[in-house]
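Note sheet for the following structure.
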Amino acid sequence: MNRFAHLLDRLAYEPGRNNKLRLITNYFREVPDPDRGWALAALTGALSFRHAKAGLIRDLIAERTDPTLFALSYDYVGDLSETVALMWPADKRATNSPPPPTLTEVVTTFNTLGKTEIPAQLVRWLDELDETGRWALLKLVTGGLRIGVSARLAKTAAAAVGDKDAHDVELIWPGLAPPYLDLFAWLEGCADKPVNRDPAPFRPVMLAHAIEDTDFANLAPEDFTAEWKWDGIRVQAVSGRDEKDNTVTRLYSRTGEDITKSFPDLVPSLRLPGALDGELLVLRDGRVQTFNVLQQRLNRKSVTPKLMRDCPIHLRAYDLLSDGDNDLRMLTFSERRTKLEAFVAQLADPRIDLSPQVSFKTWDDLAAARADPASAGAGEDSDAVEGVMLKRRDAPYLPGRPKGQWWKWKRDPHIIDAVLMYAQRGHGKRSSYYSDYTFGVWTSIDGADQLVPVGKAYFGFTDEELIQIDRFVRRHTTEKFGPVRHVVHEPDQGLVLEVAFEGLARSARHKSGVAMRFPRINRLRWDKPPRDADRLETLERMLISESRISSPATADGH
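No gaps in the numbering here: position 542 of the sequence shown is 542 in full-length UniProt numbering, and each next residue is one more.
Here it is as structure tokens:
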């Protein structure tokens, strides 16, 4: 455990990607199995402990310290694991005998102990470990490492052990399981490459970069194809046959979560063995509905027949990753597209169709299509288009976000001016700053103008702007509610934020009745008094405009 704790500590203070990569790779080379495999699982988010939750950690520290002192310390530090590690009363009898547990001991113990046995064991380890060890232990069991290491970087470090390309590890990753003994054996040349025997496995998705105006000068239009970027959710629809020749069908989210049970109406349509990459939409009377309609089908453990009738699910396919037992990912996009067209034609199912391509010869042509999808072929479905996708004709299907292969060119976001109302400290590297902001717009309540919250954002601003906002919050806090600061927001005193967002939805959880999709801080309006910020009526008009192709709510109350 000490080796793992030392690794996490170094990574937390190391800002450079290459140095992080070197630290993790050296750890994997020097630490034996199975500890290094469990470390890889922790760094990639593949570890979870059902009974070790943040609430348990709070209860344990509350029994040993003054609750008020802990609340004040937690508010200042901003990280639960670090706060508890620093405040945990040192056991003067602790002499590192017995020695600290190994990472494998921690994982196997937490996976075998019952819920009532976990607290006592956790206390024993916290008593035995030093501050860094306690911090690492708590980070591990709560699952919130927050050390600036992505799953992709951890896999890249593992690949470097055997001088392999990170894509090689990504391609076989879905068939692997902690502590990855077969992976490291292959990387070190001691065994053959692991084979995924799952008949319907998830395949790591290929992602696009957001394109900037300056990028076009280095891109040739003839090298790319374009298609609409649909406002749904990305899924991977996979079907295969097991050893008994039974059909196995699964629907995965873009992160690999199995969401098949939420969409039973689509499963019968996936009758041919293969793996489709596409967008999940609601298609009603031949028209693609808004994301607000699709949202009625998301995150449901059970789906009623009425909901399936009212919100019929549809898959708009834009890539084919495998056809039967043939892995197509190393083919060019043009070759995969040809095979996709044949595959969808063979399916001949009304619930699955092709994502249409957008014709263009110059970037100006594509800009015009992006600005007016209805006139460029999207027709009545144009309200469900959120931009265009650019894909190199010769691009293989590579996991992650390879530079220059796929680009997304989203339509311009909605912009409003809102007033900062509340601020909260961030986490990790932002734990010393007020970086989470709740903002509102004006509306008339009982004849008087008041601000009502309409969203929360914690990104979009630069580091310099973060310091400016943090200074404003500290100087203009009027009330404190635990970690939340009530910031002055009067008609002539306060901070106006220009907020960009992708869409709106009705929300009973918010006093305003609306909720934003993907809000972010676009600009600080130091020049604008709060009284000139936007009104709720503006958002209501936007919401009506967005909802014009959706029929009145017909779901059964869910």
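Backbone N, C-alpha and C fix where the C-beta goes; we use that ideal spot for every residue, glycine too.
Keep in mind that this is a model prediction, so the values were computed, not measured.
Query raised in the report: Could you give the distance in angstroms between the alpha-carbon of Tyr252 and the alpha-carbon of Ala237?
Result: Counted from its first residue, the sequence shown places residue 252 at position 252. Counted from its first residue, the sequence shown places residue 237 at position 237. Cα-Cα distance, rounded: 6 Å.
**Report entry** Same chain, Cβ closer than 7 Å to Gly37, five either side skipped, listed in chain order
**Finding:** Taking the first residue of the sequence shown as 1, we reach residue 37 at position 37. Excluding sequence neighbours, Gly37 sits near Pro178, Pro179, Tyr180, Leu181 and Phe184.
Query raised in the report: Who pairs with Tyr422 in a beta bridge, going by DSSP?
Result: Position 422 of the sequence shown holds residue 422. DSSP lists Thr438 and His486 as partners of Tyr422.
Query raised in the report: Using CA coordinates, which residue listed in Phe518, Asp463 and Ala505 is at the minimum distance from Pro413?
Result: By 1-based counting over the sequence shown, the position of residue 413 is 413. Comparing Cα-Cα distances from Pro413 to each of Phe518, Asp463 and Ala505, the minimum goes to Phe518.
Query - CA nearest to the CA of Val358, picked from Asp372, Ala376 and Phe343 - result: Against the sequence shown, residue 358 aligns to sequence position 358. Residue Ala376 is the option with its Cα nearest to Val358.
**Report entry** Residues that Ala317 bridges to, as DSSP identifies them
**Finding:** Here residue 317 refers to the residue found at position 317 when the sequence shown is read from its first residue. Answer by DSSP bridge pairing, in chain order: Gly278 and Leu354.
Query raised in the report: What's the gap between the Cα of Pro312 and the Cα of Thr109?
Result: By one-based count along the sequence shown, residue 312 stands at place 312. By one-based count along the sequence shown, residue 109 stands at place 109. Taking the straight line from one Cα to the other gives about 46 Å.
Report task. Within 10 angstroms of the Cβ of Gly557, are there 16 or more other Cβ atoms? Answer buried if so, exposed if not. Result -> Position 557 of the sequence shown, counting from 1, holds the residue named residue 557. Confidence at Gly557 is low in this model, with a pLDDT of 35, below 50, so the placement of that residue should be treated as unreliable; the coordinate-derived value is given next. With fewer than 16 Cβ atoms within 10 Å of its Cβ, Gly557 is classed as exposed.
Query raised in the report: How many angstroms separate the CA atom of Gly114 from the CA atom of Gln121?
Result: Translated into the one-based positions of the sequence shown, residue 114 becomes position 114. Translated into the one-based positions of the sequence shown, residue 121 becomes position 121. Taking the straight line joining both Cα atoms gives about 11 Å.
Requested in this report: Could you check what DSSP says for Ala457 in three-state terms: helix, strand or coil?
Outcome: If you number the sequence shown from 1, residue 457 lands on position 457. Reduced to three states, the DSSP call for Ala457 is strand.
Query raised in the report: For Leu298, does the count of other Cβ atoms within 10 angstroms reach 16, so buried, or fall short, so exposed?
Result: Position 298 of the sequence shown, counting from 1, holds the residue named residue 298. Leu298 should be labelled exposed.
Requested in this report: Return yes when the Cβ of Glu386 is within less than 8 Å of the Cβ of Glu465, no when it is not.
Outcome: Here the question's residue 465 lines up with position 465 in the sequence shown. Here the question's residue 386 lines up with position 386 in the sequence shown. No, these two residues do not count as a Cβ contact at 8 Å.
Query raised in the report: According to DSSP, is His414 helix, strand or coil?
Result: In the sequence shown, counting from the first residue as 1, residue 414 sits at position 414. Looking at His414 - three-state DSSP - the assignment turns out to be strand.
Report task. Give every residue of the same chain whose Cβ lies closer than 6 Å to the Cβ of Ile521, excluding the five residues on either side of it in the sequence, and list them in chain order. Result -> Here the question's residue 521 lines up with position 521 in the sequence shown. So the list reads Ala457, Gly460, Phe461 and Leu497, once near-sequence residues are dropped.
Report task. Give me whichever residues DSSP pairs with Lys283 in a beta bridge. Result -> Within the sequence shown, numbered from 1, the residue matching residue 283 stands at position 283. As written in the sequence, residue 283 is Leu, which differs from the Lys given in the question. DSSP lists Val288 as the bridge partner or partners of Leu283.
Query raised in the report: Among Ile172, Leu145 and Glu188, which one has its Cα closest to the Cα of Asp198?
Result: The residue labelled residue 198 in the question sits at position 198 within the sequence shown. Of the listed residues, the one whose Cα sits closest to Asp198 is Ile172.
Requested in this report: Kindly indicate which three-state DSSP category Arg152 falls into: helix, strand or coil?
Outcome: Locating residue 152 in the sequence shown gives position 152, counting from the first residue. Helix, per DSSP.
Query raised in the report: CB Arg64 to CB Pro89, shorter than 8 Å?
Result: Counted from its first residue, the sequence shown places residue 64 at position 64. Counted from its first residue, the sequence shown places residue 89 at position 89. For Arg64 and Pro89, yes; Cβs fall inside 8 Å.
Requested in this report: Decide yes or no for the touch test of the segment 35-53 against the segment 147-165: beta carbon pairs closer than 8 Å, at least 3 of them.
Outcome: yes
Requested in this report: Within its chain, find whatever has a CB closer than 8 Å to the CB of Gly426; leave out the 5 residues flanking it on each side and keep chain order.
Outcome: Translated into the one-based positions of the sequence shown, residue 426 becomes position 426. Gly78, Tyr433, Tyr434, Ser435, Asp436 and Tyr458.
Report task. Give a yes or no on whether the C-beta atoms belonging to Ser322 and Gly400 are separated by under 8 Å. Result -> Looking up residue 322 in the sequence shown gives position 322. Looking up residue 400 in the sequence shown gives position 400. Going by C-beta atoms, Ser322 is not nearer than 8 Å to Gly400.
**Report entry** Cα-Cα separation between Pro373 and Glu212, rounded to whole angstroms
**Finding:** Working through the sequence shown from its first residue, we reach residue 373 at position 373. Working through the sequence shown from its first residue, we reach residue 212 at position 212. For Pro373 and Glu212, the distance between alpha carbons rounds to 20 Å.
Query raised in the report: Start and end of the alpha helix (DSSP H) containing Ser81?
Result: As a working note, residue 81 is residue 81 in the sequence shown. From DSSP, the alpha helix (DSSP H) with Ser81 extends over Leu80 to Met87.
Query raised in the report: Which class does Ile469 belong to by DSSP, given the choice of helix, strand or coil?
Result: Here residue 469 refers to the residue found at position 469 of the sequence shown. In this structure, Ile469 counts as helix in the three-state DSSP scheme.
Query raised in the report: Would you report the Cα separation of Ala553 and Lys244, rounded to the nearest angstrom?
Result: Translated into the one-based positions of the sequence shown, residue 553 becomes position 553. Translated into the one-based positions of the sequence shown, residue 244 becomes position 244. Residue confidence is low: Ala553 scores 37 on pLDDT, short of 50, so the model does not pin down where it sits. Its coordinate-derived value is still stated next. Near 44 Å, if we compare the C-alpha coordinates of Lys244 and Ala553.
Query raised in the report: Do you know how far the Cα of Val514 is from the Cα of Ala508?
Result: To locate residue 508, count along the sequence shown from 1; it is residue 508. To locate residue 514, count along the sequence shown from 1; it is residue 514. Taking the straight line from one Cα to the other gives about 8 Å.
Query raised in the report: Per DSSP, what kind of secondary structure is Asn522 in: helix, strand or coil?
Result: As a working note, residue 522 is residue 522 in the sequence shown. Strand, per DSSP.
Query - Of the residues Gly455, Glu131 and Gln424, the one placed nearest Phe439, counting alpha carbons only - result: Your numbering for residue 439 matches position 439 in the sequence shown. Checking every option, the nearest Cα to that of Phe439 belongs to Gly455.
**Report entry** Those runs of the beta strand (DSSP E) which lie wholly inside the segment 195-267 and span at least 3 residues
**Finding:** 224-230, 233-241 and 247-253
Requested in this report: Go ahead and pull the three-state DSSP assignment for Ala395.
Outcome: The sequence position of residue 395 within the sequence shown is 395, counting from 1. Three-state result, Ala395: coil.
Requested in this report: Take Leu378 as the anchor and find which of Thr362, Lys361, Ser355 and Lys391 has the nearest alpha-carbon.
Outcome: Translated into the one-based positions of the sequence shown, residue 378 becomes position 378. The residue asked about is misnamed: residue 378 is Ala in this sequence, not Leu. Measuring from the Cα of Ala378, the nearest candidate turns out to be Ser355.
Query raised in the report: Is the number of C-beta pairs between the segment 223-231 and the segment 278-291 that are closer than 8 Å three or more?
Result: yes
Report task. State the DSSP-derived secondary structure class of Lys480, mapped to helix, strand or coil. Result -> Taking the first residue of the sequence shown as 1, we reach residue 480 at position 480. Residue state, collapsed to three classes: strand.
Report task. Please look up how many angstroms separate the CB atoms of Phe472 and Arg393, rounded, as I've assumed it's under 8 Å. Result -> Working through the sequence shown from its first residue, we reach residue 472 at position 472. Working through the sequence shown from its first residue, we reach residue 393 at position 393. At roughly 49 Å, the Cβ-Cβ gap does not stay under 8 Å, so Phe472 and Arg393 are not in contact.
Requested in this report: Ignore the nearest five residues each way along the sequence and tell me which others in Asn2's own chain have a CB closer than 7 Å to its CB.
Outcome: The residue labelled residue 2 in the question sits at position 2 within the sequence shown. The beta carbon of Asn2 is closer than 7 Å to those of Pro100 and Gly133 in its chain, skipping five residues each way along the sequence.
**Report entry** Gly148 versus Val248 - alpha carbon distance
**Finding:** Locating residue 148 in the sequence shown gives position 148, where the first residue counts as 1. Locating residue 248 in the sequence shown gives position 248, where the first residue counts as 1. Taking the straight line joining both Cα atoms gives about 37 Å.
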